[in-house]
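Each residue of the sequence shown is one higher than the one before, starting from 46 at the first, in this note's numbering.
Note that the Cβ used here is the ideal one computed from N, Cα and C, for glycine as well.
The next block holds one structure in the form of structure tokens; read it before the comments.
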Amino acid sequence: MAIIKPFKALRPAANLASKVAALPYDVVTVEKARKIVKDNPHS
């Protein structure tokens, strides 16, 4: 049986959350992903 241990979550500062959160990779085209990365220095 697997042993699962809890851990503290890593959370960004509230003012950066929208800049570091990402869309699921399977719903973004390669072109859109490149634009997101280019336009966001935190990406």
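| task | Have a look at Tyr70 and Lys83 and give me their C-alpha separation to the nearest angstrom. | result | Locating residue 70 in the sequence shown gives position 25, counting from the first residue. Locating residue 83 in the sequence shown gives position 38, counting from the first residue. Taking the straight line from one Cα to the other gives about 16 Å.
| Assuming His87 and Lys53 make a contact with CB atoms under 8 Å, what is their CB distance in whole Å? | In the sequence shown, counting from the first residue as 1, residue 87 sits at position 42. In the sequence shown, counting from the first residue as 1, residue 53 sits at position 8. Not a contact, Cβ separation roughly 22 Å.
| said: Can you give me the C-alpha to C-alpha distance between Leu55 and Ala62, rounded to a whole angstrom? | reply: Stepping through the sequence shown from its first residue, residue 55 is reached at position 10. Stepping through the sequence shown from its first residue, residue 62 is reached at position 17. Near 11 Å, if we compare the C-alpha coordinates of Ala62 and Leu55.
| message | What would DSSP say about Ser88, mapped onto helix, strand or coil? | response | The sequence position of residue 88 within the sequence shown is 43, counting from 1. Ser88: coil per DSSP, three-state reduction.
| query | Can you tell me whether DSSP reads Val72 as helix, strand or coil? | reply | Indexing the sequence shown from 1 puts residue 72 at position 27. The answer is helix: DSSP assigns Val72 an H, G or I state.
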